[in-house]
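Peer 1:
Numbering (my numbering), first residue to last: 64 to 1003.
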């Protein structure tokens, strides 16, 4: 047995790491755990992964490196034994609407290849199978079917189109052809020959007329070649005594109607290529359509008073002059209610028109000419949306539109030709709409239904598709469909898809680093994820996981615990070893794993205020006509396996309804029948997982708006008043008070050719961000720069007499972030910290006692101790009579809820209903629920 090898890190000092040394065993499953903000990601991603990436780029030539940019060396003395590194993070989801589960996993690429090579084409006119022939086959068919008959060989030029076609007849004549068949009648080509331009015509050129027998075989060959050239690979044969032609094509063609498809390529089935994408929606499956209700929400108001929302109130502008002309033409006033305006006039205002008219003045007797040349409000909005370069104008135009399913392709994204290529009655769109379980079953038995030739072509492709589908099943994603857009995936789902892709690549000797892959995963599916990671390890890779999940820590070969606290109180290795060894150590993580410390189940559940919000008939995505009651004044937890429709129910249906009711939000809720009880709440706050500002200039003080108050406070000091400083003087983002050498950044970037850019402290302001005059203004002996360098804990005490500032800072401290500084750059905050700042920002606003809070997996990135602190804050909100609705898998949160709504039974299309509702104790007794099985153990 070979000796254990290690990845050895010496002197890591990135962010809050305190010069630590650590040995990580290779080819093992290693978990890094610890409090949120203790330095786990700093060690795994910002030190080990960053160094791996830097070494990879160093292998490129100097010429190549100048285009890539050079990565900065992490602040570490040395790292030994490092393999090539692949990071699977949560932040790397593609937000493009063109990116889907199928394209990320490459299954769709293999499906395109399969359909291009092995599918049968069917006519979209008759539904019959399309045929294609070689020139030799065409000759044999004509010799067989038309023996001793006189035939006319035709090449189709025009099919059911309007026009006079004078130029076409001239061109055909110049090529030496004498006759054409127009609308079924053979005619000689005459000089200046033209057709009725307003009727639709079929035009074919007569290539040859001949008697079919063995003597004419050579001539027939030449005729077929000429006809194919002239007719773009399609020709027709007409027996002299018949009127029904036969079609022949080198490409796929309908034998009855003659429509032809180009020979299929993989691009024919790609919605990202002009060859395959639906031309109406450009392959997106959705189009934007003007909603008249948004343009004229209230037809009792007049145009003068702003009844037409895009125009606003009447003003002296060209558009209103045109509308005045329309009013004179149709005899109405701009002060009339819109509903009283004649229909033709309103039609012209909305859709435009071009008209001249005369009006005779009754008093003077003079006739005046008016001209209306108006493009119409609807056309104007559409043009602005399609052609404007400004994002704000596009957003303005979009506010009058609704996103609707494309009527041409019915949301299937592809041209109709592509949708008529089928394998055993299924087209490619039918397959991508199946969930992974259905798809796996369909591919299981497909060979039996294929012809021997198709089997031979498809065998390798099918093998690839099956293995990739199996990898998705292995990581617990069998409920997804391949057409699901990647922007609708949660961080955990996107990460597990990338994990499935990596397992499929079968690389060996790689170091994989994962960031909390268990996020959004139900306990039932946890084992699948762990098995996938073990599989990666067993084929010869090192797997390093940043994780808080108890099951994951238990299955690890080696655990590293970073602490003891968070931020500046952390950054040290407090414990390392196997799971058994870890439990014997005196650390916060060990206390929770051994249950020396635990989050206690409340003795009594809240009764609520007796009022409800009742949502009936919700049927968005995979919800099957679901009706559910949300009791107010309680902490509600929505649970269920991944993909069961929790987010659809809460984020896509309930929240948009509440937001529209209270704030007139424009996001359209998913379909539902009825909602009752909205009058019982007066405020709704949604705290989702999207990150706070991602630029170095964004920090907790600016995000929570605390810095605005602090700047106002500084502007009110006697020194600032004497100097005439306003709040803007104390901003590092605008000229005036900031240091202009570094433009308020505190650091200067020195560009080095072939070396990474170096960030050096600004020599003018010594990293203070402000100029000398601004820093001379002090409040309680502290300058504005000193305030930004304070921790939240210190600042809470410092500002305790300023209620506006103190309230916001205390909330940040209460969610467990007392250790971060007010001016800490957002880019250095961990995912869990960023979300809790967002939470603190919302919680610091005054609640009304009737506020409805919605949180989507707030335990993301949180240690057991962080969860305890967070739940204390949320309990305080519920105690004041507010309603707190949490979507969560974490049992420590679920067991503290007053009311559980368990959605199930399975994810995806297997049908989503409300399995059970009630207190945790009531739900735990349910025999069907997967959540109940795990919850029961927690309540003991």
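Note that CB positions come from ideal geometry on N, CA and C, so glycine has one too.
1. Counting along the chain, where does the alpha helix (DSSP H) carrying residue 201 start and finish?
2. Bridge partners of residue 977, per DSSP?
3. Is residue 389 closer than 9 Å to residue 412 when the C-beta atoms are compared?
4. Less than 8 Å between the CB atoms is what I'm expecting for residue 220 and residue 268, so what's the real figure, rounded?
5. Any idea if residue 232 is buried or exposed, counting beta-carbon neighbours within 10 angstroms, 16 or more meaning buried?
6. If you compare alpha carbons, which of 191, 167, 75, 99 is closest to residue 136?
7. Since I believe residue 288 is in contact with residue 198 (beta carbons under 8 Å), could you give me their beta-carbon distance rounded to a whole number of angstroms?
8. Along the chain, which unbroken stretches of the alpha helix (DSSP H) at least 4 residues long are found entirely within the region 522-576?
9. Quick one: what's residue 842 bridged to in DSSP?
10. Taking 8 Å as the cut-off, is the CB of residue 749 close to at least one heavy atom of the ligand NAD?
11. Give the secondary structure of residue 299 by DSSP, where H, G and I count as helix, E and B as strand, and everything else as coil.
12. Between the C-alpha atoms of residue 997 and residue 885, what's the straight-line distance to the nearest angstrom?
13. If you check the beta carbons only, do residue 439 and residue 461 fall under 9 Å apart?
14. So for residue 955, helix, strand or coil by DSSP?
15. Classify residue 693: buried if its beta carbon has 16 or more other beta carbons within 10 angstroms, exposed otherwise.
16. Starting from the N-terminal side, write out each stretch of the alpha helix (DSSP H) that is 4 residues or longer and does not extend beyond the region 712-771.
17. Taking the beta carbon of residue 727 as the centre, do at least 16 other beta carbons fall within 10 Å, making it buried, or is it exposed?
18. Within its chain, find whatever has a CB closer than 6 Å to the CB of residue 495; leave out the 5 residues flanking it on each side and keep chain order.
19. Please state whether the Cβ-Cβ distance between residue 640 and residue 621 is less than 9 Å.
20. Quick check on the DSSP output: the beta strand (DSSP E) that includes residue 351 runs from which residue to which?
21. Taking only three categories from DSSP, how would you classify residue 914?
22. Does DSSP put residue 477 in a helix, in a strand, or in coil?
23. Residue 788: buried (16+ other C-beta within 10 angstroms of its C-beta) or exposed?
24. Just to confirm the assignment: which complete alpha helix (DSSP H) runs, minimum length 4, are found wholly within the region 248-284?
25. In three-state terms, what does DSSP make of residue 215?
26. Go through the region 75-126 residue by residue and report every complete run of the alpha helix (DSSP H) that reaches 4 residues or more, in order.
27. Within 8 Å, do at least three Cβ pairs link the region 336-356 to the region 473-480?
28. With a CB to CB cut of under 7 Å and the five nearest residues on each side skipped, what residues in its chain are close to residue 336?
29. From 635, 755, 127, 746, pick the residue whose C-alpha is nearest to that of residue 904; which is it?
30. Report the option in 482, 102, 827, 295 whose CA atom is closest to the CA atom of residue 182.
31. Hey, residue 628 and residue 98 are a contact pair by Cβ (cut 8 Å); roughly how many whole angstroms apart?
32. Okay, do the region 759-778 and the region 930-950 touch, 3+ Cβ pairs below 8 Å being the bar?
33. Beta-carbon within less than 8 Å of residue 273's beta-carbon, same chain only, minus the 5 sequence neighbours each way: which residues are those?
34. Do residue 970 and residue 683 have their beta-carbon atoms positioned less than 9 Å apart in this structure?
35. Residue ranges of each beta strand (DSSP E) run of no fewer than 3 residues wholly in the region 288-345, ordered along the chain?
36. Would you please state the rounded distance, in angstroms, between the beta carbons of residue 148 and residue 576? I believe it to be under 8 Å.
Peer 2: Reading off the structure:
1. Here the alpha helix (DSSP H) through residue 201 covers 198-208.
2. Residue 977 is bridged to 966.
3. Yes, the pair counts as a contact, with Cβ atoms nearer than the cut-off.
4. Here residue 220 really is in contact with residue 268; their C-beta atoms are around 6 Å apart, less than 8 Å.
5. It is buried - the Cβ of residue 232 has at least 16 other Cβ atoms within 10 Å.
6. When 191, 167, 75, 99 are compared, the shortest CA-CA separation from residue 136 is found for 75.
7. Confirmed, Cβ separation roughly 7 Å.
8. Those alpha helix (DSSP H) runs which fall completely within the region 522-576 and span 4+ residues are 554-568.
9. The partner list for residue 842 (beta bridge, DSSP) reads 845.
10. As for the ligand NAD, it is missing from this structure, which has no ligand bound.
11. Three-state DSSP puts residue 299 in a strand.
12. So the two alpha carbons sit approximately 40 Å from each other.
13. No; because the gap between Cβ atoms is not below 9 Å, this pair is not in contact.
14. In the structure shown, residue 955 falls within a helical segment according to DSSP collapsed to helix, strand and coil.
15. Using a 10 angstroms sphere on the CB of residue 693, the tally of other CB atoms reaches 16 or more, which defines it as buried.
16. Within the region 712-771, the complete alpha helix (DSSP H) runs of at least 4 residues are 718-726, 763-766.
17. Residue 727 should be labelled exposed.
18. Cβ neighbours of residue 495 within its own chain (closer than 6 Å, five residues either side excluded): 165, 545, 546.
19. Less than 9 Å separates the beta-carbon of residue 640 from that of residue 621.
20. Residues 349-353.
21. DSSP, read as helix, strand or coil, puts residue 914 in strand.
22. Strand.
23. Counting of Cβ neighbours within 10 angstroms places residue 788 among the buried residues, the total reaching 16 or more.
24. Segments of the alpha helix (DSSP H) lying fully in the region 248-284: there are none.
25. Under the three-state reduction of DSSP, residue 215 is assigned to strand.
26. Listed in chain order, the alpha helix (DSSP H) runs fully inside the region 75-126 are 103-106, 113-121, counting runs of at least 4 residues.
27. Three or more pairs of CB atoms, one per stretch, sit closer than 8 Å, so the region 473-480 contacts the region 336-356.
28. So the list reads 330, once near-sequence residues are dropped.
29. Among 635, 755, 127, 746, the Cα nearest to that of residue 904 is on 755.
30. Here the closest residue by C-alpha is 482.
31. With 8 Å as the limit, residue 628 and residue 98 qualify as a contact, their Cβ atoms being about 6 Å apart.
32. Contact between the region 759-778 and the region 930-950 is absent, because fewer than three Cβ pairs lie under 8 Å.
33. If you ignore the 5 residues before and after residue 273, its C-beta comes within less than 8 Å of the C-beta of 213, 214, 216, 279, 282, 283, 286, all in its own chain and listed in chain order.
34. Their beta carbons are not under 9 Å apart, which means residue 683 does not touch residue 970 by this criterion.
35. Complete beta strand (DSSP E) runs here, min 3: 297-302, 309-312.
36. Confirmed, about 6 Å.
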